[in-house]
Amino acid sequence: EDQVTQSPEALRLQEGESSSLNCSYTVSGLRGLFWYRQDPGKGPEFLFTLYSAGEEKEKERLKATLTKKESFLHITAPKPEDSATYLCAVQVQGAQKLVFGQGTRLTINP
Amino acid sequence: EPEVTQTPSHQVTQMGQEVILRCVPISNHLYFYWYRQILGQKVEFLVSFYNNEISEKSEIFDDQFSVERPDGSNFTLKIRSTKLEDSAMYFCASRGGEGVKKYFGPGTRLTVT
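Keeping their order, the protein sequence lines are chains Z and U. Just so we're aligned: the first sequence equals residues 436 to 545 in the working numbering. Just so we're aligned: the second sequence equals residues 4 to 116 in the working numbering.
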């Protein structure tokens, strides 16, 4: 069965304190790995898609990396507005659906 | 930035009643989806729709659920006879083509009493 596990469940950082979120996955064949941001009461907002091991994508203070077993979302010098739940999802080859992890709730204190 | 819109934002219904959740996908998109998120749980896939037919569905999407694209702009999810366990946030999503990112709507919170 295709599975996605994110850690930690929650992370509290001080403004400017860099860290990484982890997404481990077990799938029959990876088509793509997706990172989304979700604010309370809102829908997931697309951040990145990664397709193959070794690939990296960056956007402002965020950088996503991918290996054959996991992905990391690195947050550099975060600001309070980066506080959100970050969701990881995988798309399996031959399928349309995304399989989501449970998310990491990130809080950045000023 | 184009947006997926959903109405209503919150729907309260009694157990056994039918509900229709509405979505307006991004105008030139071809692939449409419904997901749901029960409070405190993962986002779960329900169904995907392409070329006026269901292309994939999950075990959750049983005979009580149906989807329709009644015109060129709307995409609906109908639950025929709601149950307490259908209470969740329902997200519509759309995608323009292969390898293109999926946009999610803001969600409809369904509360079944």
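We put the beta carbon where it would ideally sit given N, CA and C, even for glycine. Predicted model, so just to flag it, every value in this text is computed and none were measured.
Spatially closest choice to residue i from the options, by CA coordinates
i	options	result
S76 (chain U)	U:C26, U:K60, U:G108	U:C26
Q17 (chain U)	U:R98, U:K104, U:T85	U:T85
Q44 (chain U)	Z:V534, Z:N544, Z:T511, Z:P545	Z:V534
A512 (chain Z)	Z:K492, Z:R540, Z:Y486, Z:P545	Z:P545
Y34 (chain U)	Z:F507, Z:E436, Z:K532	Z:K532
Y486 (chain Z)	Z:D437, Z:L456, Z:S506, Z:D474	Z:S506
Q441 (chain Z)	Z:V527, Z:T520, Z:G478	Z:T520
L24 (chain U)	U:L80, U:E71, U:G108	U:L80
Pairwise C-alpha distance: residue j and residue i
i	j	result
K503 (chain Z)	L87 (chain U)	40 Å
A96 (chain U)	L522 (chain Z)	15 Å
S459 (chain Z)	Q20 (chain U)	40 Å
T484 (chain Z)	Y93 (chain U)	23 Å
D65 (chain U)	A530 (chain Z)	19 Å
Y471 (chain Z)	E62 (chain U)	24 Å
I57 (chain U)	S51 (chain U)	6 Å
R496 (chain Z)	R466 (chain Z)	26 Å
Y41 (chain U)	G476 (chain Z)	At residue 41 (chain U) the sequence reads Ile, which differs from the Tyr that was named. Near 12 Å, if we compare the C-alpha coordinates of G476 (chain Z) and I41 (chain U).
S69 (chain U)	V15 (chain U)	19 Å
D474 (chain Z)	D74 (chain U)	31 Å
P443 (chain Z)	T8 (chain U)	32 Å
L446 (chain Z)	T539 (chain Z)	7 Å
Q67 (chain U)	L448 (chain Z)	44 Å
Same chain only: Cβ atoms within 7 Å of residue i, ignoring 5 sequence neighbours per side
i	result
E490 (chain Z)	L501
D89 (chain U)	I82, L113, V115
H149 (chain U)	For residue 149 (chain U) there is no data in the structure shown, the boundaries of chain U being 4 and 116.
Neighbourhood of residue i by C-beta, 8 Å cutoff - its chain only, sequence neighbours within 5 removed
i	result
S382 (chain Z)	Given a span of 436 to 545 for chain Z in the structure shown, any question on residue 382 (chain Z) remains unanswerable.
P515 (chain Z)	E450, I543, N544, P545
Residue i CB to nearest heavy atom of the ligand HEM below 8 Å
i	result
P28 (chain U)	Absence of the ligand HEM is noted for the structure shown, with no ligands found whatsoever.
| query | If you scan the region 19-52 of chain U from start to end, which runs of the beta strand (DSSP E) of 3 or more residues do you find wholly inside it? | reply | 22-27, 34-40
| Ranges of the beta strand (DSSP E) found wholly within the region 462-517 of chain Z, counting only runs of at least 3 | 465-473, 480-485, 491-494, 497-501, 505-510
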